Structure formats: C-alpha cells, structure tokens
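Read in order, the letters of the sequence shown are residues 0 to 114 in numbering that gives the first Met the number 0.
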Amino acid sequence: MTSCRQQAIDTANNDSVFTLESAPPIAQHTDDANVLKVYVEKNGTIFANGTQVTITELDNQLKQLKEKNGIVWYSRDNLSDDPSREAMAAVNEILQYELSVKFFADKEFTKEADL
C-alpha cells in the first residue's frame, strides 16, 4: 500500500487522482485554536484562517499546529476540476506533518466534501 504522502507526490508528478487512505483519525470535538482552515483558490492563492499565505508561511503554521495536535480543515475552489499545483503543494505540506484533515466543499467550511 502506498503512503498518503507518496500518493500526493505521485499525483503532483503524474496528474493522477490521489486519496488519503491512512490519514490520522479526526478529533470529534475541536477547539478553533487547534483548527487551521486552509483554502486554495482556483488561481493558486492559498489562505490559512482567512489570511493569504505563501507555502512557506503555511508550512510554519502547520508545524505549529502539529505541536498542538491540531486538525486541518481543507477546501479548494472548483473541487470537480483537477487541483492546481498550489493546491497539491498545500496538500503535500499537510501530509508532511501527518495532520488529521477534514475536507470541505466550500470556502466557508460549512459543507463537508463527499470523497
């Protein structure tokens, strides 16, 4: 079985679809201080908790989140389209820290994505 991280890397390299087969369990109740909401626009702009960030800034925030045993809420524009390079880079950063991830289908993080 291929690891989640490897599948994401393979996806970035081969434009194939990836799945998260062995993501850590998602906490039932989360404190907003332990949630990082990551949203990637179609043009590749990345937001973390509503603030535009670079991939390096996202990495720093994910590192801090890992130390708090937090969770990532992830969404991107146009879920039906292939992810942008920036969206894949953001997912790779999330997988690097082996954080729990909850996927959403909207920018407001109100509708969970059907995966």
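Heads up, the beta-carbon is just placed ideally off N, CA and C, and yes, glycines get one too.
Since this is a predicted model, take the numbers as computed values, not measurements.
Just to confirm the assignment, what range does the alpha helix (DSSP H) spanning residue i have?
i	result
Lys-65	54-66
Ala-47	Where Ala-47 is concerned, there is no enclosing alpha helix (DSSP H), although the beta strand (DSSP E) it sits in stretches over 45-47.
Leu-98	Element bounds for Leu-98: n/a, residue is neither H nor E.
Mapping DSSP to helix, strand and coil, what is residue i?
i	result
Glu-40	coil
Glu-111	strand
At what residues does the beta strand (DSSP E) containing residue i begin and finish?
i	result
Ser-74	70-75
Who are residue i's beta bridge partners in DSSP?
i	result
Gly-50	Looking at the sequence itself, residue 50 is Thr, so the reference to Gly does not match. For Thr-50, which the question treats as bridged, DSSP gives the partners Ala-47.
Leu-35	Val-71
Using a beta-carbon distance below 8 Å, is residue i in contact with chain B?
i	result
Arg-84	Among the protein chains of the structure shown there is no chain B, as only one such chain exists.
Any heavy atom of the ligand ZN closer than 7 Å to the CB of residue i?
i	result
Glu-107	With respect to the ligand ZN, the structure offers nothing, as it holds no ligand at all.
Handout entry: Contact the region 104-111 vs the region 56-71: 3+ CB pairs below 8 Å
Key = Judged by Cβ distances under 8 Å, the region 104-111 makes no contact with the region 56-71, as fewer than three pairs qualify.
Practice task
Spell out a yes or no on whether the region 47-56 and the region 73-82 are touching, meaning 3 or more CB-CB pairs, one atom from each, closer than 8 Å.
Solution key: No, they do not touch.
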